[in-house]
Each structure stands twice: as structure tokens, then as C-alpha cells.
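Asks: Can you read through this structure? Questions will come right after.
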Amino acid sequence: MSNNPVHDIAVVGAGIIGVACALRLARQGLRVIVIDQQEPGHGASFGNAGHLATEQVFPIADVSILKRLPAMLMDPMGPLRLDWKYLPRALPWFTRLLLNLRLEPFSQTVAGLRALNESSLDAWHRLLADIQRPELLKVDGSLLVFERAESRQTIETLQARLRQQQVPVDFWQAGAVRETAPQLSEQIQGGLFFPSTGHFIDPYRVVCELVEAAKAGGVSFVKEQVQGGYVQASGVSLITKTGDLTASRVLIACGAHSAKLTAALTGKKVPLDTERGYHLMLPAEHNRLPFPVTSLERKFIMTPMSDGLRLAGTVEFAGLERPPSMERAWQLHRLSKGLFRKDLSAEAATPWMGFRPSLPDSLPVIDQVCGGKVLLAFGHQHLGLTQAAVTAEMVVGMASATALNPSIGLPSIEPYALSRF
């Protein structure tokens, strides 16, 4: 088998990025197998905020994180929390994050995020059209609201910074907010509207639809844990509990779990950590909002979906091993109080936690190494859903001998190279 691999590419990871890549690769005539220890879409892809966040072109943190560190350690319900027991392991990562906030690396991060995000919406339209499911994506925009008069300066400064990056953004006065989203509280002073954003009415269904299309195109899905691997002359062997699986090439797209396999295959230690993200799904809440709404002061997002209203956005740094603190998910409901004329119902609400893969420069790794035998697509932090479709097109551009449509104009791979670490 090692002399004549059955699979052209083994994709490790069945989240939104791995599945999108698998489908696109199969469309190029490649024999693809997807391996994951969970069912497809049951990791971070299951519980994301559903927001196609093309407006988010700035890193996940700024220098104010130093002032906030004591609160992060002391407040278990804060919007950004660092588990004090995890602090020794997290400090090197946070140090690199702060170093990347210097002018030159910060500018490189913004350029890299902007390049991906500017291409994301069109890439999603192409991918959903390919599987004949365009209705899953609503391109109705999104809104960032503020409640305090003193927050207006912050909003105006953010608008100016976004316009410098050519992000489409409009300032809405309170009247425009109430006209478009009349169920929101009258205490909202205004906000920023982002017309070139969208949301998915059911993020998990998106994964499922892509899986079905991939299976119809010949992609195999295996529920198995990859424990390691090695590169050899004829391809790549992946070590699983039931034996080795050999393919000509491998794509590592297993999100927050990608570092160990990347090190095994490439010898490169990647500074990958995880943002533990929480959501609370409110099935009793329909028709409250026309599109995603984020609160500036309360620091969370509310997204209307087919199954209700999803509250998301809290971030916790505590690694992959510690059990979830679901009280953080319920905290989202408490945060929503006062944002609506009538408080949201938590009847039959369900909490969730997942791992978002984050690198200290806020950019993903999208690359091919080891003579093209190892492809990489991970580390998209909280923009995995947003950037999945364009990442898949970039992976195909690296892996396939068939040229992509040159009019698409994909981002350069260079800012996302593994060699930057």
C-alpha cells in the first residue's frame, strides 16, 4: 500500500474547513479521504456564531490586554478570561501575541486578514452555488451597537480605522437602528452597519450539506483518531488506533488539534493555542433580529438562525484538557438583559463550548511543505467559518494540477506560510 497509495489526499479534520477543502479537492478529480475522531461538523464548526465576519480585519487583541490581565485572571465570567492554572503555559503565547502588536507585524496581520476576508463572501457564494444550496447564507449585513454616550468616540474611531482598510461600514443613528430592529432597546444610541457581511441560518447544516456533496463526489469519511504520522518517499503515512493509513499527500485541517500532527510530519513546532468559545442557543426566540447584532459594551453577538437565536462571543484561554464552564454560556443570557424591549426567553436553552484554533499573529497557516506532501489549513481563530470557502480554493490552488479560474484572484499564500514561525 505504501508503494501505491489508494488516496491522493487524506484530509485530517472534518470541520467546516476540512470538509470544504475535501469537496473542492474531489471536484478536481482527486481521490480524497477525510479522517476525524468526531462526526463531521461536531467540533468548533457546530457551535460558531454563524456570522460571516468579513469586517473583522484587526487582530484578536490589542495592547490593552496587559491592563486587563488581572481582571482576566480574577473574573470567571468576564468576556475574555484566562484560567490562572493555565497561565504558565499561556504566557509564551501571549508574549508572542504582544510582540505581534508592534507596528510592522500588526500591519502585516491586518493585510493578511483583509486579503482573506475580502475574498470570503464571493468564495462562499461559489461554494454554495456548487452544491445548489445558496439559501443557507443570508447576506443582509450585521450591526455593532453601542448604549453609552461615551462610547460614541470609540465607535467613530473604529469606523475611521475600518474605512482606512476599505471595509464597507456605515454609521447608524439610534433612529435607523430602531427602524430596522424595532425589538431592540431604546437605550441603544446607534451603531455601525456592515453591509458586506452575512450569516448562516444553520452552520451545522452547512457542514452536513457539504459532506453529502463530497460523498456524492467520491470522498470517503472515516471516524478515527490520528495519533501521529511520518513522511516517506511515496507519500505520507498516518498512524491511527487501527493501523497506518497511507496517502500521496495529507492536509492538516483539524483546528485546535493541528499542532501535534504538524510537528510530527514537518518537525515544526507551531505556537497554536485555543480560544474556548461558548454559545447559548435560545430555541424560543425567533424573529427578534433581522441580522447579527453585536454589543460593543457587552462584547457578545446575537445571530438569528432557523432554530432560534444564538448568543455567542465569550472567550476563555484554558487549553484543550480542562472541562468546560457552562456557566459562561449562561452568562450570555444575563448579558442580553436590557438590550431588548422585552427580555429574551431562555426556555429550553442549550449551552455549548468549542475550541477555536488561534495563533499569536491572528493569521491562519495555509501552506504546503515537505515537497508538497503536507498541506496545512488551520489556525483561523474565530474566523474559520468566514474564511473556510476561500481557504478551500487556496488549498486547491496548491494541490491541483488543474488551474483555477484566474479571474477569481485568490490571496497570496505568503502571509500564511508555516515558515513564519
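When the count follows my numbering, it moves up by one through the sequence shown with no breaks and lands on 421 for the last residue.
Yeah, the Cβ is synthetic: ideal placement off N, Cα and C, and Gly gets one too.
Would you tell me roughly how many angstroms separate the C-alpha atoms of threonine 197 and tyrosine 204, rounded to the nearest one?
Replies: Against the sequence shown, residue 197 aligns to sequence position 197. Against the sequence shown, residue 204 aligns to sequence position 204. The C-alpha of threonine 197 lies about 19 Å from the C-alpha of tyrosine 204.
Asks: What did DSSP end up calling valine 315 once you bin it into helix, strand or coil?
Replies: Locating residue 315 in the sequence shown gives position 315, counting from the first residue. It is a strand residue.
Asks: Within its chain, find whatever has a CB closer than 6 Å to the CB of threonine 294; leave out the 5 residues flanking it on each side and keep chain order.
Replies: For the purposes of this step, residue 294 is taken as residue 294 along the sequence shown, with counting starting at 1. Only Leu144 and Ile301 meet the Cβ criterion.
Asks: From the DSSP secondary-structure annotation, give me the bridge partner or partners of arginine 24.
Replies: Against the sequence shown, residue 24 aligns to sequence position 24. None, per the DSSP bridge assignment.
Asks: State the DSSP-derived secondary structure class of glycine 432, mapped to helix, strand or coil.
Replies: Given a span of 1 to 421 for the chain in the structure shown, any question on residue 432 remains unanswerable.
Asks: From leucine 30 to alanine 214, what does the alpha carbon distance come to, in whole angstroms?
Replies: Residue mapping note: residue 30 aligns to position 30 of the sequence shown, counting from 1. Residue mapping note: residue 214 aligns to position 214 of the sequence shown, counting from 1. Rounded to the nearest angstrom, the two C-alpha atoms are 12 Å apart.
Asks: Alpha carbon to alpha carbon, how far is leucine 99 from alanine 14?
Replies: As a first step, residue 99 is located in the sequence shown; it is residue number 99 there, counting from the start. As a first step, residue 14 is located in the sequence shown; it is residue number 14 there, counting from the start. Taking the straight line from one Cα to the other gives about 33 Å.
Asks: Do histidine 199 and methionine 305 come within 9 Å of each other at the CB atom, strictly closer than that value?
Replies: Numbered from its first residue, the sequence shown carries residue 305 at position 305. Numbered from its first residue, the sequence shown carries residue 199 at position 199. Cβ atoms of methionine 305 and histidine 199: closer than 9 Å.
Asks: Using the Cα positions of tryptophan 352 and leucine 91, report the straight-line distance between them to the nearest angstrom.
Replies: Counting from 1 along the sequence shown, the entry for residue 352 is found at position 352. Counting from 1 along the sequence shown, the entry for residue 91 is found at position 91. If I take the Cα positions, the gap works out to 26 Å.
Asks: Going by DSSP, what residues sit across from serine 142 in a beta bridge?
Replies: The residue given as residue 142 occupies position 142 in the sequence shown. BP columns for serine 142 point to Phe194.
Asks: Around the C-beta of methionine 74, are 16 or more other C-beta atoms found within 10 angstroms, so that it is buried, or is it exposed?
Replies: If you number the sequence shown from 1, residue 74 lands on position 74. By the 10 Å Cβ count, methionine 74 comes out exposed.
Asks: Check for me: the beta strand (DSSP E) holding proline 105 runs from which residue to which?
Replies: By one-based count along the sequence shown, residue 105 stands at place 105. Element bounds for proline 105: not the beta strand (DSSP E) but the alpha helix (DSSP H), 103-130.
Asks: Helix, strand or coil for glycine 15, going by three-state DSSP, please let me know.
Replies: Numbered from 1 along the sequence shown, position 15 holds the residue referred to as residue 15. Correct three-state label for glycine 15: coil.
Asks: Using DSSP bridges, identify the partner residues of threonine 240.
Replies: Here residue 240 refers to the residue found at position 240 of the sequence shown. Val226 and Gly243, per the DSSP bridge assignment.
Asks: May I ask which residues mark the beginning and end of the beta strand (DSSP E) holding serine 64?
Replies: Taking the first residue of the sequence shown as 1, we reach residue 64 at position 64. Looking at the DSSP string, serine 64 is not in any beta strand (DSSP E), and its letter there is neither H nor E.
Asks: Can the beta-carbon of serine 151 be found closer than 9 Å to that of leucine 296?
Replies: The count along the sequence shown starts at 1 and reaches residue 151 at position 151. The count along the sequence shown starts at 1 and reaches residue 296 at position 296. Yes, the pair counts as a contact, with Cβ atoms nearer than the cut-off.
Asks: What residue from Leu52, Gly112, Gln56 and Gly18 has the CA that sits closest to glutamine 38's CA?
Replies: In the sequence shown, residue 38 corresponds to position 38, counting from 1. It is Gly18.
Asks: Thinking C-beta only, is leucine 383 closer than 9 Å to proline 364?
Replies: In the sequence shown, counting from the first residue as 1, residue 364 sits at position 364. In the sequence shown, counting from the first residue as 1, residue 383 sits at position 383. Their beta carbons are under 9 Å apart, which means proline 364 touches leucine 383 by this criterion.
Asks: If we count Cβ pairs, one from each stretch, closer than 8 Å, do we get three or more for the segment 50-59 versus the segment 223-241?
Replies: no
Asks: Would you kindly work out how many angstroms separate the C-alpha atoms of glutamine 56 and lysine 342, rounded to a whole number?
Replies: Sequence index remark: in the sequence shown, residue 56 carries index 56 (1-based). Sequence index remark: in the sequence shown, residue 342 carries index 342 (1-based). Using only the alpha carbons, I get a separation of about 30 Å.
Asks: Does DSSP classify proline 76 as helix, strand or coil?
Replies: Looking up residue 76 in the sequence shown gives position 76. The answer is coil: DSSP assigns proline 76 none of H, G, I, E or B.
Asks: Please list, in chain order, all residues of the same chain as alanine 346 whose beta carbon is under 6 Å from its beta carbon, the five residues on each side excluded.
Replies: Here residue 346 corresponds to residue number 346 of the sequence shown, with the count starting at 1. Contacts found: His333.
Asks: Output yes or no for whether 9 Å exceeds the beta carbon distance between threonine 386 and cysteine 21.
Replies: Within the sequence shown, the letter at position 386 stands for residue 386. Within the sequence shown, the letter at position 21 stands for residue 21. No, Cβ-Cβ distance for threonine 386 and cysteine 21 is not below 9 Å.
Asks: Apart from the five residues on each side of it in sequence, which residues of its chain come closer than 6 Å, Cβ to Cβ, to aspartate 170?
Replies: On the sequence shown, position 170 is the one that residue 170 refers to. Taking C-beta separations shorter than 6 Å and ignoring five residues to either side along the sequence, the partners of aspartate 170 in its chain run Phe193, following chain order.
Asks: So, lysine 85 versus alanine 318, is the Cβ gap smaller than 9 Å?
Replies: Within the sequence shown, numbered from 1, the residue matching residue 85 stands at position 85. Within the sequence shown, numbered from 1, the residue matching residue 318 stands at position 318. Cβ distance < 9 Å, so lysine 85 and alanine 318 count as in contact.
Asks: Going by other Cβ atoms of all chains shown within 10 Å of its Cβ, with 16 needed for buried, is alanine 44 buried or exposed?
Replies: As a working note, residue 44 is residue 44 in the sequence shown. Classification of alanine 44: buried, given that the 10 Å Cβ count is 16 or more.
Asks: From proline 324 to histidine 279, what distance separates their C-alpha atoms?
Replies: Position 324 of the sequence shown, counting from 1, holds the residue named residue 324. Position 279 of the sequence shown, counting from 1, holds the residue named residue 279. It is roughly 12 Å from the alpha-carbon of proline 324 to the alpha-carbon of histidine 279.
Asks: Buried or exposed, going by whether 16 or more other CB atoms sit within 10 Å of the CB of histidine 286?
Replies: Stepping through the sequence shown from its first residue, residue 286 is reached at position 286. Sixteen is the threshold: since fewer than 16 other Cβ atoms of the shown chains lie within 10 Å of the Cβ of histidine 286, the residue is exposed.
Asks: Using the Cα positions of glutamate 179 and arginine 89, report the straight-line distance between them to the nearest angstrom.
Replies: As a working mapping, residue 179 is identified with position 179 in the sequence shown. As a working mapping, residue 89 is identified with position 89 in the sequence shown. If I take the Cα positions, the gap works out to 48 Å.
Asks: Going by Cα to Cα distance, which pick from Gly313, Ala349 and Thr246 is closest to lysine 374?
Replies: For the purposes of this step, residue 374 is taken as residue 374 along the sequence shown, with counting starting at 1. Position check: residue 374 holds valine in this sequence, whereas lysine was assumed. The candidate whose alpha carbon is nearest that of valine 374 is Thr246.
Asks: Going by the CB atoms, is the gap between isoleucine 16 and isoleucine 33 shorter than 9 Å?
Replies: Residue mapping note: residue 33 aligns to position 33 of the sequence shown, counting from 1. Residue mapping note: residue 16 aligns to position 16 of the sequence shown, counting from 1. Contact flag unset, no.
Asks: Decide if lysine 269 is buried, meaning its Cβ has at least 16 other Cβ atoms within 10 Å, or exposed.
Replies: In the sequence shown, residue 269 corresponds to position 269, counting from 1. So lysine 269 ends up on the exposed side.
Asks: Which of helix, strand or coil does DSSP assign to histidine 51?
Replies: If you number the sequence shown from 1, residue 51 lands on position 51. Here histidine 51 sits in strand by DSSP.
Asks: Out of curiosity, what's the CA-to-CA distance linking leucine 209 and glutamine 132?
Replies: Against the sequence shown, residue 209 aligns to sequence position 209. Against the sequence shown, residue 132 aligns to sequence position 132. Sequence check: residue 209 is glutamate here, not leucine. Cα to Cα, glutamate 209 sits roughly 10 Å from glutamine 132.
Asks: According to the neighbour-count rule (16 or more other Cβ atoms, all chains shown, within 10 Å of its Cβ), is serine 2 buried or exposed?
Replies: Position 2 of the sequence shown, counting from 1, holds the residue named residue 2. The pLDDT assigned to serine 2 is 42, lower than 50, so where the model puts this residue is not dependable, and the model offers no usable value.
Asks: Anyone know if the C-beta pair for valine 395 and arginine 24 falls short of 9 Å?
Replies: Position 395 of the sequence shown, counted from the first residue, corresponds to residue 395. Position 24 of the sequence shown, counted from the first residue, corresponds to residue 24. Result yes, Cβ atoms of valine 395 and arginine 24 sit closer than 9 Å.
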